[in-house]
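Take 516 as the starting number for the sequence shown in the working numbering and just add one per residue.
Ideal Cβ placement from N, Cα and C applies to all residues, glycine included.
Report on the structure given below.
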Amino acid sequence: EELLKVNPKLVIVHISGLGNAKFGGIPSVCNRASYDMIGQAFSGWLYLQGFKDRDPVVAKPYMNDFVSAFAALFGTLAAYTAAQKTGKGQVVDVAQFEAMAQYMCGTYTTYTMAGQVTERSGNASPAFQPYDLFESKDGALVALGAFGPGVYKRCIQALGFDLEYFNYKDCSSGVEAVASPKGRELNAKVVEWCKAHTAAEIEQIMEAAKVPCSKVNNAKDAFENEHFKSRSDWITYEDQTVGADITAFGIAPKLSETPGQVWRGAPSMGQDTETVLKTILGYDDAKIADLREKNLI
516 EELLKVNPKL VIVHISGLGN AKFGGIPSVC NRASYDMIGQ AFSGWLYLQG
566 FKDRDPVVAK PYMNDFVSAF AALFGTLAAY TAAQKTGKGQ VVDVAQFEAM
616 AQYMCGTYTT YTMAGQVTER SGNASPAFQP YDLFESKDGA LVALGAFGPG
666 VYKRCIQALG FDLEYFNYKD CSSGVEAVAS PKGRELNAKV VEWCKAHTAA
716 EIEQIMEAAK VPCSKVNNAK DAFENEHFKS RSDWITYEDQ TVGADITAFG
766 IAPKLSETPG QVWRGAPSMG QDTETVLKTI LGYDDAKIAD LREKNLI
């Protein structure tokens with residue numbers, strides 16, 4: 516509030532676990548400490564992750580932290596755009612649990628409208644198939660999905676199955692179809708088919724049929740993958756803290772006219788202090804030395 520009095524066009528962003536009480540909420544709850552996992556738990560997101568007969572599994576790595584950062588970005592840009600038009604800034608309140616709650620799809624409305632609590636369902640979809648992780652001949656896991664009658668038809672044909680027998684209506688048109696004897700039979704045959712083919716073979720066959728499919732890559736798989744390489748997804752830069760070159764994932768999304776670049780690694784603590792004080796605030800060496808002597812910088 517004091518800052519806005521000095522500069523009414525400021526955009527001030529608060530990020531917390533459970534929100535700023537000035538925007539509503541129980542004050543004691545708003546004051547709770549939080550981490551990524553806490554935001555996942557409070558929002559209800561964590562309850563959905565994993566398999567029904569096991570405990571929930573926290574989404575990695577730090578899913579809620581990144582989602583909250585994107586919410587802060589969107590809020591900042593929206594408030595900044597408004598300030599450019601109106602001359603009036605504002606405060607943006609980002610709560611970790613609310614940032615995560617936005618990605619719950621129909622979970623809340625399933626409860627509010629039908630009184631049903633959505634349970635963990637693992638990787639498979641209960642409403643259509645194939646849509647699961649399948650083990651390949653060479654021991655890898657492959658994600659294979661066919662949503663909708665068009666993709667389903669191409670998938671069944673690529674698998675070499677009888678489309679008339681394993682038709683979409685009987686096997687993949689809804690929860691009842693997937694759970695039916697014929698639906699379960701289809702799933703068993705897909706499992707069997709995948710175990711008879713390597714991950715690369717499955718990808719090639721499904722690519723030709725335009726059926727969504729991918730091997731479940733680990734870090735080594737991704738780094739050695741030619742598609743990652745051909746999109747220049749790996750970059751090398753000097754880490755300012757350790758003083759050594761590191762190779763890391765690059766920039767996404769890609770922009771045609773103003774492509775992004777990493778011009779250096781994250782600065783070490785205080786690395787840019789003098790530059791900022793001199794070039795932006797106009798402090799001279801004596802002023803900066805005085806601040807250092809007082810342990811203010």
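Check, Outcome
"Nearest-angstrom Cα separation, counted from F643 out to G682", "The question names Gly, but residue 682 is Asn in the sequence shown. N682 and F643: Cα-Cα distance of roughly 12 Å."
"Contacts around G698, its chain only, beta-carbon distance under 6 Å, and the 5 residues preceding and following it disregarded", "C686 and A692"
"Pick from I795, D787, Q719 and G797 that is closest to I812, judged by C-alpha positions", "D787"
"Reduced DSSP category for W708 - H, G, I as helix; E, B as strand; rest coil", "helix"
"Residue burial classification, V582 (beta-carbon count within 10 angstroms, cutoff 16)", "buried"
"Stretch pair the region 718-727 + the region 739-759: three plus CB contacts closer than 8 Å", "no"
"Residue nearest to P727 in terms of C-alpha spacing, selected from Q755, P782 and A661", "A661"
"Where F643 falls: helix, strand or coil (DSSP)", "coil"
"V666 - DSSP class collapsed to helix/strand/coil", "helix"
"Short Cβ contact (9 Å threshold) for V544 with Q555", "no"
"Q611 beta carbon less than 9 Å from that of L563", "no"
"Selected residue, minimal CA-CA separation from K704, among S729, L678 and K684", "L678"
"Start and end residues, beta strand (DSSP E) containing V609", "Q605 to A610"
"Reference T756; option with closest CA among A737, A781, K769 and F764", "A781"
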